[in-house]
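The numbering of the sequence shown is the numbering used here, which starts it at 11 and goes up by one.
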Amino acid sequence: MITPIPEDKLAGIREALFRGQKIEAIKLYRESADTGLAEAKTAVEKLEAELRAASPEKFTAAAPRKGCLGVVVIICALVAVVIFLVTRP
Numbered sequence: 011m012i013t014p015i016p017e018d019k020l021a022g023i024r025e026a027l028f029r030g031q032k033i034e035a036i037k038l039y040r041e042s043a044d045t046g047l048a049e050a051k052t053a054v055e056k057l058e059a060e061l062r063a064a065s066p067e068k069f070t071a072a073a074p075r076k077g078c079l080g081v082v083v084i085i086c087a088l089v090a091v092v093i094f095l096v097t098r099p
């Protein structure tokens, strides 16, 4: 059963979903409705589906990944250059 949420709390949950922060939205839902994790997750996923159908333009693009692939590539390139310079006759 989905527990009704006050409009001010629901606005915060919507904003978290629009920013792509589903876990934050679930936490907010749990605090607002005093429900368990499974019920909150189900309710938030249902809300997200409704919001995506009603206004998909409000959802922000996926956040850039915070990986280190670029750093690894640069280090590998520098190591290759150093090896090339050291082994050159």
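A virtual CB, placed ideally from N, CA and C, is assigned to each residue, including glycine. Owing to the predicted nature of the structure, the values given are computational and were not obtained by experimental measurement.
Under a three-way DSSP split, which group does C86 fall into? Three-state result, C86: helix.
Whole angstroms are fine: how far does the CA of G77 sit from the CA of M11? Bear in mind that a pLDDT of 48 at M11, under 50, signals an unreliable position, so the model cannot answer this.
What's the C-alpha gap between T45 and D18? Linking T45 to D18 through their CA atoms gives a straight-line distance of about 18 angstroms.
So for I15, helix, strand or coil by DSSP? DSSP places I15 in the coil class of the three-state scheme, outside both helix and strand.
Span of the alpha helix (DSSP H) around R62: Note, R62: alpha helix (DSSP H), L47 to A64.
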